[in-house]
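Asker: Protein chains in written order, with my numbering: chain A, 2 to 465; chain B, 138 to 237. Beta carbons are placed, not taken as given, at the ideal position from N, Cα and C, and that holds for glycine.
1. Please report the distance separating the alpha-carbon of residue 56 (chain A) from that of residue 15 (chain A).
2. Which same chain residues, not among the five before or five after residue 202 (chain A), have their C-beta less than 7 Å away from its C-beta?
3. Just to make sure I have the definition right: I need the residues of chain B whose C-beta is within less than 8 Å of the C-beta of residue 23 (chain A). Which are they?
4. DSSP state of residue 28 (chain A), grouped into three classes?
5. Taking 8 Å as the threshold, find out whether the region 201–211 of chain B comes into contact with the region 257–269 of chain A through three or more Cβ pairs.
6. Cβ of residue 145 (chain B) less than 7 Å from any chain A Cβ?
7. Are three or more beta carbon pairs between the region 138–153 of chain B and the region 442–459 of chain A nearer than 8 Å?
8. Taking just the CA atoms, how far does residue 369 (chain A) sit from residue 440 (chain A)?
9. Compare the Cα-Cα distances from residue 461 (chain A) to each of A:97, A:352 and A:299 and report the closest residue.
10. If you drop the 5 nearest sequence neighbours on each side, which residues of the same chain put their C-beta closer than 8 Å to that of residue 284 (chain A)?
11. Check distances from the C-beta atoms of the region 15–39 of chain A to those of chain B and list, in chain order, the residues that come in under 7 Å.
12. Is residue 176 (chain B) buried or exposed, if buried means 16 or more other CB atoms sit within 10 Å of its CB?
13. Cβ of residue 138 (chain B) less than 7 Å from any chain A Cβ?
14. Taking its Cβ as the centre, do 16 or more other Cβ atoms sit within 10 Å of residue 133 (chain A), making it buried, or is it exposed?
15. Identify, in the order they occur along the chain, each residue of the same chain with its Cβ nearer than 7 Å to the Cβ of residue 289 (chain A), setting aside the five sequence neighbours on each side.
16. I need the boundaries of the alpha helix (DSSP H) containing residue 142 (chain B), first residue and last residue.
17. Please report the distance separating the alpha-carbon of residue 225 (chain B) from that of residue 121 (chain A).
18. Considering only residues of the same chain and omitting the five flanking positions on each side of residue 27 (chain A), which have a CB-CB separation below 7 Å?
19. Please confirm if residue 55 (chain A) has its CB atom under 7 Å from at least one CB of chain B.
20. Using 7 Å as the limit for Cβ to Cβ distance, is residue 179 (chain A) near chain B?
21. Where are the beta strand (DSSP E) runs, 3 residues long or more, that stay fully inside the region 349–405 of chain A, in chain order?
22. How about residue 200 (chain B): is its C-beta nearer than 7 Å to some C-beta of chain A?
23. Residue 5 (chain A): which of A:18, A:48, A:25 and A:36 sits nearest, CA to CA?
24. Three or more beta-carbon pairs under 8 Å between the region 221–237 of chain A and the region 133–150 of chain A, yes or no?
25. Is the beta carbon of residue 164 (chain A) less than 7 Å from the beta carbon of residue 158 (chain A)?
26. Less than 6 Å separating the Cβ of residue 147 (chain A) from some heavy atom of the ligand FMN?
27. Give me the subset of the region 243–272 of chain A whose CB atoms are less than 8 Å from a CB atom of chain B, sorted by chain position.
28. Quick test of your reading: residue 41 (chain A) and residue 34 (chain A), contact by CB under 8 Å. State the CB separation rounded to the nearest angstrom.
29. Would you mind reading off the limits of the alpha helix (DSSP H) that contains residue 225 (chain B)?
30. Identify each residue in the region 360–376 of chain A for which the Cβ-Cβ distance to at least one residue of chain B is less than 8 Å, and report them in chain order.
31. Check the Cβ-Cβ distances between residue 327 (chain A) and every residue of chain B, and say whether any is below 7 Å.
32. Use the C-beta contact count for residue 326 (chain A): other C-beta atoms within 10 angstroms, 16 or more gives buried, fewer gives exposed.
33. Just checking: is the beta-carbon of residue 86 (chain A) within a distance shorter than 7 Å of some beta-carbon in chain D?
34. Within 10 angstroms of the Cβ of residue 316 (chain A), are there 16 or more other Cβ atoms? Answer buried if so, exposed if not.
35. Identify the residues that DSSP records as bridge partners of residue 118 (chain A): which are they?
36. If you pair each beta-carbon of the region 330–350 of chain A with each one of the region 147–164 of chain B, do three or more pairs fall below 8 Å?
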């Protein structure tokens, strides 16, 4: 196949990818969008086979490993529980970035195959592009691995901080830039390996200081990086599909990071530099025990909600951990039968990744037109009888509006405290991720339900 | 003077960033998780480079070191392509409207 013809097909698959993202503007068009994406991918792969035009033994091997990799991917996709989506996405990011690193390495070892010059005499532009692609890919690979381990709970979600951390990162970053420059003038293979090695190290150092609840930002950021790495490789290979995709994914991840940061009222750098709430968590939670708390049980909660005319449910990460979404939907079904109006309120940073709560509710068959974003529903709390907070904490803390000293001051919160009564399902009085006490626990209209989110919800269903 | 093809690719890149910017802002927040999984799937189009890396060598030297990196990259990308699109599909199937 001629180079021009294949370039046009690559452009087509790039456009199909744009349509795939466009489809996600509403749930009705989203499934069609996904098919566009699949079509774009098939075109890209088939065109590549045709333009390489090598159907020897190697081709058979490629088909076999495509099949093996595809089966593994399909297996994971069907088996993964929806609560594990954040770590799945982090894991997938690490794979695609490692693939980018491998492609860059291969192009560096055998530039002839990609029309980039000869070994030891690679075109300057290509050398810059492939080393940037390899460096970003390597950083994102190890970064995603750390994110995966933290989300999976294999590694503690607590930030790991040591002295001079940021200086080391800065130094390593500058070293990479210098080495890329040096690689361009010397073409020495060892320099290339060192760049990849240091990038792996930076990825680890970059993510370890970032705590568990900041993971929505981290995942979005890694998503963005994986796009830029793909774009870098796309420039090296002079491939339009890759360049377009890289730009799309890069900007998508960047926008999601921005939305997440705004949801916490923190600057991007503040999150990346890490360590929020890790400093004096213990000192803050000491003086809480004296304050009076109203303690309720499932029957009280059932009574309150049955007699309410409207209930708003505020889910958070705790719901995901307890897998309480199905029990929650059962509870809502019973309430609706009793004529109670129920809606769901989702904070932008609820859960461990953007849109995490929405997927879990969708899994439990909650219709998406009952689920609302913060801006859409926040005024309704004033007119609602009961707010049922399940597994959320910091995103409901009124201190964000009242106390300029608080680390979460200025963060947009759900105005749960305005509703007539608040039911707060929580295992203990311990502070949330930000390490600050939630004022809401001690209000007169708050009833604390100390239990596992799922068990409590099931008990409420029984007493309803 | 002739324009370097690099400039054309750069133009495509910059324009795609703008397209991406506007398209992604129009994505409804409730679909942000599928957005992440589908962007992950499409970024696996890096498999194009992996296939070239694996197959571009002479056919009598299919296990050259550069080809082996190509094969490895194909496996990783294939896991992502199938896993990414299928898990997105699975998620999107779950989004349902209220029964009227």
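Answerer: Looking at the coordinates:
1. Distance between the alpha carbons of residue 56 (chain A) and residue 15 (chain A): 26 Å.
2. In its chain, beyond the 5 residues on either side, 173 have a beta carbon closer than 7 Å to the beta carbon of residue 202 (chain A).
3. Result: 160 and 163.
4. Helix at residue 28 (chain A).
5. Under the three-pair Cβ rule at 8 Å, the region 201–211 of chain B does not count as touching the region 257–269 of chain A.
6. Judged by the 7 Å Cβ criterion, residue 145 (chain B) is not in contact with chain A.
7. Flag = no, the region 138–153 of chain B and the region 442–459 of chain A do not touch.
8. One Cα belongs to residue 440 (chain A), the other to residue 369 (chain A), and the distance between them is close to 31 Å.
9. Nearest C-alpha to residue 461 (chain A) among A:97, A:352 and A:299: A:299.
10. Because residue 284 (chain A) sits at a pLDDT of 39, beneath the cut-off of 50, its placement in the model cannot be relied upon, and the point is left open.
11. Hits within the stretch, in order: 18, 19, 21, 22, 23, 25, 26, 27, 28, 31, 32, 35, 38 and 39.
12. With 16 or more neighbouring CB atoms inside 10 Å of its own CB, residue 176 (chain B) falls in the buried class.
13. Residue-level contact check: residue 138 (chain B) does not touch chain A, since none of the beta carbons of chain A fall below 7 Å from its beta carbon.
14. With 16 or more Cβ atoms within 10 Å of its Cβ, residue 133 (chain A) is classed as buried.
15. Summary for residue 289 (chain A): the model assigns pLDDT 49, below 50, so the residue's position carries little reliability; its value from the coordinates is reported in the next sentence. So the list reads 430 and 438, once near-sequence residues are dropped.
16. Where residue 142 (chain B) is concerned, the enclosing alpha helix (DSSP H) starts and stops at 142–162.
17. C-alpha separation (whole angstroms): 43 Å.
18. Closer than 7 Å at Cβ, skipping near neighbours: no residue.
19. It does: the Cβ of residue 55 (chain A) has a partner Cβ on chain B nearer than 7 Å.
20. Taking Cβ atoms only, chain B never reaches closer than 7 Å to residue 179 (chain A), which makes this a no.
21. Runs of the beta strand (DSSP E) spanning 3 or more residues and lying entirely within the region 349–405 of chain A occur at 372–374 and 387–391, in chain order.
22. Closer than 7 Å: no.
23. If we check each option's Cα against that of residue 5 (chain A), A:48 comes out closest.
24. Touching, yes, given that three or more Cβ pairs across the two stretches are closer than 8 Å.
25. With contacts defined as CB atoms closer than 7 Å, residue 164 (chain A) and residue 158 (chain A) fail to qualify as a contacting pair.
26. The ligand FMN is not part of this structure, which contains no ligands at all.
27. Flagged, chain order: 243, 244, 245, 246, 247, 248, 249, 250, 251, 252, 253, 254, 256, 257 and 260.
28. That pair is no contact at about 11 Å.
29. 202–231 is the span of the alpha helix (DSSP H), which, as asked, contains residue 225 (chain B).
30. Across the region 360–376 of chain A, CB contacts with chain B closer than 8 Å involve 360, 363, 364, 366, 368, 369, 370, 371, 372 and 374, in sequence order along the chain.
31. No - not a single Cβ of chain B is within 7 Å of the one on residue 327 (chain A).
32. With 16 or more other Cβ atoms within 10 Å, it is buried.
33. This model lacks chain D altogether; the protein chains it does include are A and B.
34. Note on residue 316 (chain A): 16 or more other CB atoms within 10 angstroms of its CB, so buried under the neighbour-count rule.
35. According to DSSP, residue 118 (chain A) bridges with A:123.
36. No, they do not touch.
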